[in-house]
Amino acid sequence: MKDEDIERPAAMKVRQGIQDAMTYSLPDKKFTEKKIDIVEVDIELKNLGWNFNNYRILNLTDIHLGQWINPEYLDELIDYANTLNVDIVTLTGDYFSYNLHDYDKALENSLKKLTAKDGKFGVLGNHDHWMSAERVRNIFKAADIVDLSNDVHTFKKGDDCLNLCGVDSSTVCADDLDKVIAKMPKDIPSILLAHEPDFAKQSSQTELFDLQISGHSHGGQFIIPKFETTPFRGPNSTRYPVGLYKVGNMIQYTSKGLGTNSFRIRVNCKPEITIITLKTSKKQIIEIE
Ligand SMILES: [Fe+2]
Numbered sequence: 097m098k099d100e101d102i103e104r105p106a107a108m109k110v111r112q113g114i115q116d117a118m119t120y121s122l123p124d125k126k127f128t129e130k131k132i133d134i135v136e137v138d139i140e141l142k143n144l145g146w147n148f149n150n151y152r153i154l155n156l157t158d159i160h161l162g163q164w165i166n167p168e169y170l171d172e173l174i175d176y177a178n179t180l181n182v183d184i185v186t187l188t189g190d191y192f193s194y195n196l197h198d199y200d201k202a203l204e205n206s207l208k209k210l211t212a213k214d215g216k217f218g219v220l221g222n223h224d225h226w227m228s229a230e231r232v233r234n235i236f237k238a239a240d241i242v243d244l245s246n247d248v249h250t251f252k253k254g255d256d257c258l259n260l261c262g263v264d265s266s267t268v269c270a271d272d273l274d275k276v277i278a279k280m281p282k283d284i285p286s287i288l289l290a291h292e293p294d295f296a297k298q299s300s301q302t303e304l305f306d307l308q309i310s311g312h313s314h315g316g317q318f319i320i321p322k323f324e325t326t327p328f329r330g331p332n333s334t335r336y337p338v339g340l341y342k343v344g345n346m347i348q349y350t351s352k353g354l355g356t357n358s359f360r361i362r363v364n365c366k367p368e369i370t371i372i373t374l375k376t377s378k379k380q381i382i383e384i385e
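In the numbering used here, the protein residues as written are 97 to 385.
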């Protein structure tokens, strides 16, 4: 899908105006570990080989660079993420909000610094398409990030395999799950990156994915205390807006993300870095002579 074919919301200029007003009128934020929710989730996958037991995935999503997450903030956040000793990094979209040209080089430089043992993998969000999917894909290339838009990467360790799949943004109708299914080796544990969490309804029905990782909702930027959910649910995040869900036989995980929408406010809903640790449900057979 080309940049010129994307349908953009009519109110983009108004949203950018609100965002700019809030960005310039409120003081700059500095990254500190304390202001971030480091959410650690263990997820058991059936048939996961023992070689992938305790495999650690760091997910970053919805950076929305250029608002209160400025280039310095992102740089410090990435320095911190690099200390977390994970196997792979996944990125689930919305790197920009309404201004790409002032921040694209900064994003590229920060993402180049991001490291993980087995690599970096990403998909795009609706905002990336609204700005320029082509430029974001070039940033991926420059930063050595595997673009999993409607694509699959299969990891192999010893006799065990794991599919990491991705779909492009469903908000802009760039998703092509059939293409992913045609490419993916079957009968091995499979994870899907999808910017929009409600895509889980569709992906779970295929019975081919064990886990979907998403962002997009920002956790509604307000979590009701004790209920751990949000009343603020935008398009494509009405069903699974925050945290863990079981959708059919698939697990859906929706991160609260890092940035915000035009309104720079988060109540009981800190920005999030997610670390997912995969666990096998297989029994280990120990042979005793
Ligand atoms: Fe989004």
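Think of the CB as a built atom: it goes at the ideal place given N, C-alpha and C, for glycine as much as any other residue.
Since we're looking at a predicted model, the values are computed, not measured.
* Rounded C-alpha distance that separates Asp198 from Gln298 -> 36 angstroms
* Please state whether DSSP places Lys209 in a helix, a strand or coil. => helix
* **Exposure label - Val338; buried when at least 16 CB within 10 Å** => Flag for Val338 reads buried.
* To do: List the residues that DSSP assigns as beta-bridge partners of Ser310.
  => Thr350
* Asked: To the nearest whole angstrom, what separates the beta carbons of Asn246 and Val276, a pair I think is in contact under 8 angstroms?
  -> 6 angstroms
* Determine the DSSP secondary structure at His223, reduced to helix, strand or coil. => helix
* Asked: Based on the DSSP output, what are the partners of Gly262 in its beta bridges?
  -> Asp247, Leu289
* When the Cα atoms are used, what is the spatial distance from Val189 to Asp224? -> Here residue 189 is Gly; the residue named in the question, Val, does not match the sequence. One C-alpha to the other measures close to 7 angstroms.
* Kindly examine ligand 1 and report whether one of its heavy atoms sits closer than 6 angstroms to the Cβ of Gly315. => no
* **Any non-hydrogen atom of ligand 1 within 6 angstroms of His160 CB** => no
* **Nearest-angstrom beta carbon gap, Ile347 and Ile38 [assumed within contact, 8 angstroms]** => The shown model of the chain, from 97 to 385, leaves out residue 38, and the question about it has no answer.
* Is Gly221 near ligand 1, going by C-beta to nearest heavy atom under 6 angstroms? -> yes
* Please check if any C-beta of chain D sits within less than 7 angstroms of the C-beta of Ile235. => Judged by its chain identifiers, the structure shown contains no chain D, having just a single protein chain.
* Per DSSP, cross-strand counterpart(s) of Thr391 -> Nothing can be reported for residue 391, as the shown portion of the chain is limited to 97 through 385.
* Measure from the alpha carbon of Asn181 to the alpha carbon of each residue in Arg362, Lys201, Arg152, then state which is nearest. => Arg152
* Using 10 angstroms around the beta-carbon of Asn234, count the other beta-carbons present and answer buried if the total reaches 16, otherwise exposed. => exposed
* How about Asp190: is its Cβ closer than 6 angstroms to a heavy atom in ligand 1? -> yes
* Report buried or exposed for Ile361, applying the criterion of at least 16 other Cβ atoms within 10 angstroms of its Cβ. => Exposed, since its Cβ has fewer than 16 Cβ neighbours within 10 Å.
* Going by Cα to Cα distance, which pick from Ile134, Val263, Phe295 is closest to Met280? -> Measuring C-alpha to C-alpha distances from Met280 to each of Ile134, Val263, Phe295 identifies Val263 as the nearest.
* Asked: Who pairs with Lys253 in a beta bridge, going by DSSP?
  -> Asp256
* Can you grab the Cα-Cα spacing for the pair Pro167 / Val248, in whole Å? => 30 angstroms
* **Cβ-based burial, Asp243 [other Cβ within 10 Å; buried from 16]** => buried
* **Touch test, the region 145–162 against the region 98–106, Cβ-Cβ under 8 angstroms, three pairs minimum** => no
* Same chain only: Cβ atoms within 7 angstroms of Ile165, ignoring 5 sequence neighbours per side -> Ile159, Leu354, Gly355
* To do: Check whether the Cβ of His225 sits closer than 6 angstroms to any heavy atom of ligand 1, and report yes or no.
  => no
* Asked: Can you find a heavy atom of ligand 1 that lies under 6 angstroms from the Cβ of His249?
  -> Because no heavy atom of ligand 1 lies under 6 angstroms away, the Cβ of His249 does not count as near it: no.
* Which of helix, strand or coil DSSP assigns to Ile371 -> Strand at Ile371.
* Asked: Leaving out five residues before and five after Asn332 in sequence, what residues of the same chain have Cβ atoms less than 6 angstroms from its Cβ?
  -> If we look at Asn332 and ignore the five residues flanking it on each side, its Cβ neighbours are Thr267, Glu292, Asp294.
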